[in-house]
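What follows is a set of notes on a single structure, which appears directly below.
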DNA sequence: TTCTGCCAAAGTGTCAACACAATGACCGTT
DNA sequence: AACGGTCATTGTGTTGACACTTTGGCAGAA
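Protein chains in written order, with the numbering used here: chain Z, 37 to 252; chain R, 37 to 252.
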């Protein structure tokens with residue numbers, strides 16, 4: 037069973053992702069209610085949920101707005117991701133089965149081949165799949181929910197904004213294999229370090245892009 | 037300005053902390069609404085916020101319940117806290133000013149003296165103060181909000197439940213000084229390791245207590 | 001006795017209207 | 001012309017009623 041507020045939550049999330057509601061845009065309950073042909077009640081709940089995951093900021097009696105992250109806040113986001121995804125990687129090294137790791141390796145290689153065939157302009161779902169696989173395999177549902185939920189939502193908006201997605205795909209792939217080797221060696225310490233470095237590099241790229249955009 | 041749903045959120049949080057609403061208890065919108073003399077609307081929002089921070093679980097059309105964490109989920113909580121608080125400690129080592137560190141050391145010592153004077157049965161706010169100070173000093177508002185908000189709320193319920201608060205106060209104090217020394221040495225790496233070990237020890241104590249309680 | 005299907009009770013989801021706070025324009029004063 | 005106060009407008013907070021879903025018990029059949 038899915039309620040109206042669920043639907044509205046998803047739809048509004050989509051509007052934010054697509055840029056239809058860019059950072060800083062006002063979120064008017066009545067407007068949303070009319071657009072979707074429902075009353076304001078479910079809209080309120082959806083907006084509150086968006087506020088809960090940090091995508092919308094709101095004060096009592098003030099208009100709600102799509103959050104507009106400063107470069108510093110983007111940095112904070114990546115620091116948090118670095119900590120959590122590093123820990124997830126360490127846990128995965130201890131908890132993934134050998135069979136899981138073999139399947140993982142096979143999927144990683146076939147994803148690379150598929151991307152190569154499709155050319156450089158195809159959508160690249162494989163990057164997040166790599167991270168998501170490890171996160172889920174960590175066996176820590178709470179970390180997974182945070183990384184794949186709140187943080188992912190926010191980072192997704194700013195990755196799109198900065199266009200910093202494609203660039204590093206070759207280096208990223210090499211780093212992914214390095215991490216995978218650490219997982220297979222059951223070296224949690226190393227796997228954590230590698231993942232943290234990997235995330236930190238992505239962070240540097242995005243923040244640099246944002247600075248350039250600010251300057252331009 | 038504070039709205040009704042804000043008030044209800046805080047009050048219900050208090051009811052959960054105090055044990056009046058223990059883990060597993062049903063959260064009935066109409067009952068809460070009548071108790072506080074308001075309509076169901078603000079109650080719904082408050083319950084949704086509690087759901088948002090993970091203190092209440094809810095499915096459409098199902099009664100809401102105060103979450104009842106399994107020992108495994110408590111472990112997950114501590115793993116996440118270890119990762120985040122470790123990172124916060126590393127950042128604090130890089131970002132705290134010398135003056136901050138001096139004040140911090142003085143406060144830590146005076147808190148110990150106060151606790152010694154008050155005897156072993158006085159409330160011990162100093163433990164969390166230590167952690168909170170470092171977390172805030174990390175300069176990462178997002179990590180701070182997570183640790184001092186969501187995670188703290190949940191851990192607080194289970195620390196109370198397990199009664200594992202007082203026990204380690206002497207060891208904990210020694211570990212706190214060790215961490216402080218690392219901060220003053222500006223050794224982020226070491227500070228992070230020490231904090232992670234410190235949290236991990238607390239985790240082991242709480243999970244062991246919970247197991248004992250389960251057995252008894 | 002046990003199982004199945006139905007029914008009433010309880011509880012949540014949704015709605016439309018009303019109450020209150022904030023914003024911005026208008027007007028009189030200095 | 002610039003400043004400060006007043007008021008309509010806009011939008012959020014709150015309410016009570018109605019619609020829908022779930023739940024638990026009851027009656028009847030196997």
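Even glycine gets a Cβ: it sits at the ideal position worked out from N, Cα and C. These numbers were taken from a predicted model, which means no experiment stands behind them.
Check the C-beta distance from residue i over to residue j and give it rounded, since I have them as a contact under 8 Å.
i	j	result
residue 242 of chain R	residue 178 of chain R	No, residue 242 of chain R and residue 178 of chain R are not in contact; Cβ-Cβ is about 25 Å, not under 8 Å.
residue 204 of chain Z	residue 53 of chain Z	Wrong, their Cβ atoms sit about 21 Å apart, outside the cutoff.
residue 59 of chain R	residue 103 of chain R	6 Å
residue 174 of chain R	residue 227 of chain R	Actually they do not touch by this definition, with Cβ atoms about 11 Å apart.
residue 82 of chain Z	residue 41 of chain Z	5 Å
residue 80 of chain Z	residue 65 of chain Z	6 Å
residue 187 of chain R	residue 113 of chain R	6 Å
residue 137 of chain Z	residue 220 of chain Z	5 Å
residue 247 of chain R	residue 107 of chain R	6 Å
residue 147 of chain R	residue 119 of chain Z	Between residue 119 of chain Z and residue 147 of chain R the Cβ distance is about 27 Å, and since that is not below 8 Å, they are no contact.
Rounded to whole angstroms, what is the Cα-Cα separation between residue i and residue j?
i	j	result
residue 182 of chain R	residue 72 of chain Z	33 Å
residue 209 of chain Z	residue 231 of chain R	32 Å
residue 111 of chain R	residue 45 of chain R	27 Å
residue 87 of chain R	residue 94 of chain R	7 Å
residue 213 of chain R	residue 68 of chain Z	54 Å
residue 141 of chain R	residue 121 of chain R	19 Å
residue 126 of chain R	residue 165 of chain Z	29 Å
residue 117 of chain R	residue 135 of chain Z	30 Å
residue 61 of chain R	residue 151 of chain Z	51 Å
residue 238 of chain Z	residue 170 of chain Z	17 Å
residue 97 of chain Z	residue 75 of chain Z	19 Å
residue 63 of chain R	residue 70 of chain R	13 Å
residue 133 of chain Z	residue 245 of chain Z	38 Å
residue 162 of chain R	residue 211 of chain R	Reliability fails at residue 162 of chain R, whose pLDDT of 48 lies under 50, so the model's placement of it is uncertain and no value is given.
residue 216 of chain R	residue 218 of chain Z	32 Å
residue 224 of chain Z	residue 129 of chain Z	5 Å
residue 23 of chain R	residue 109 of chain R	This structure gives no information on residue 23 of chain R, because the portion of chain R shown stretches from 37 to 252.
residue 37 of chain Z	residue 37 of chain R	37 Å
Taking the alpha helix (DSSP H) that residue i falls in, what are its first and last residues?
i	result
residue 79 of chain R	76-88
residue 208 of chain R	205-220
residue 110 of chain Z	107-131
residue 180 of chain R	177-182
residue 51 of chain Z	40-54
Are there 16 or more other CB atoms within 10 angstroms of the CB of residue i, so buried, or fewer, so exposed?
i	result
residue 249 of chain R	exposed
residue 39 of chain Z	exposed
residue 277 of chain R	Within the shown structure, residues of chain R are numbered from 37 to 252, placing residue 277 of chain R beyond reach of any answer.
residue 185 of chain Z	exposed
residue 115 of chain R	buried
residue 190 of chain Z	buried
residue 261 of chain Z	In the structure as shown, chain Z begins at 37 and stops at 252. Residue 261 of chain Z is therefore absent and cannot be evaluated.
Does residue i come within less than 7 Å of chain Z when only Cβ atoms are used?
i	result
residue 162 of chain R	With a pLDDT of only 48 at residue 162 of chain R, under 50, the local geometry of the prediction cannot be trusted, and the value read off the model is given with reservation. False, the Cβ-Cβ gap to chain Z never drops below 7 Å.
residue 39 of chain R	yes
residue 84 of chain R	yes
residue 179 of chain R	yes
residue 224 of chain R	no
residue 50 of chain R	no
Counting only beta-carbon separations shorter than 7 Å, does residue i have a partner in chain R?
i	result
residue 101 of chain Z	no
residue 132 of chain Z	no
residue 98 of chain Z	no
residue 228 of chain Z	no
residue 88 of chain Z	yes
residue 231 of chain Z	no
residue 105 of chain Z	no
residue 120 of chain Z	yes
residue 56 of chain Z	no
residue 112 of chain Z	yes
residue 115 of chain Z	yes
residue 176 of chain Z	yes
residue 249 of chain Z	no
Just to confirm the assignment, what range does the beta strand (DSSP E) spanning residue i have?
i	result
residue 67 of chain Z	Not the beta strand (DSSP E): residue 67 of chain Z falls in the alpha helix (DSSP H), residues 65-72.
residue 100 of chain Z	100-102
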